[in-house]
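Per our numbering, residue 691 is the first one in the sequence shown, and the count goes up by one each step. Heads up, the beta-carbon is just placed ideally off N, CA and C, and yes, glycines get one too. Note that the structure is predicted; figures quoted are calculated from it, not measured. Structure first, commentary second.
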Amino acid sequence: TFKQIETRYRKDRQRNALAVPGPHDFIVVLDQLKARYNPPKIFRSAQAFGAAEVHLVNIGVFDPGPAKGAFRKVPAKFTESFSESYADLIGRGYSCYLLAADGDNSLVDIDLPQKSAFIFGQEEFGPSFAPSDFPNVQTLKIPQYGEIESLNVSNAASIVMFEYVRQWGEK
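Next up, the structure:
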């Protein structure tokens, strides 16, 4: 039931305060994703690939079960708007990349900086912000060759995290 999910979420969110950043300097930003589906799966991949943290922008309660404990292990920052997350990232020297099917740069052709932040918008509606309002945010695309124009956001996030680790080496 939703009440049970909410109870598990609140307990894991409290435990998240003790989470330690992974060995890599990348950050994943989840911008208004549907809470029920992808956030826990992305936390699982973020833990597997050693993310420094995950930002949740205006994302409500989700079932932490599919994260397999990763919601307790990967530091999370909760913000109400993308501009809050963006100010934090830029203030700490991060380069920001928005994943988009029509991105300007191909993931396989770009040298990712050590301090990279990857922004994933809601699958149906995209990011909550106008990219033109944040000129320092570059767009990235994952090369695709089939007829479907986009991947599931949790799959796309895993591919991006893998590419970051491939470029920066195992730690």
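- About 6 Å separates the beta carbons of F810 and L789, which is inside the 8 Å limit, making them a contact pair.
- With fewer than 16 other Cβ atoms from the protein chains shown falling within 10 Å of its own Cβ, S822 counts as exposed.
- T691 carries a coil assignment under DSSP once its states are collapsed to helix, strand and coil.
- Y787 and Q828 have their C-alpha atoms roughly 5 Å apart.
- For Y776, the enclosing alpha helix (DSSP H) starts and ends at F772 to G781.
- Three or more Cβ pairs closer than 8 Å define a contact, and the segment 834 to 849 meets that threshold against the segment 720 to 733.
- In the DSSP annotation of this structure, Y854 is not part of any beta strand (DSSP E); the continuous alpha helix (DSSP H) holding it starts and ends at V843 to W858.
- Under DSSP, the beta-bridge partners assigned to T769 are V747.
- Nearest to N748 by C-alpha distance, out of S818, E860, I838 and M851, is S818.
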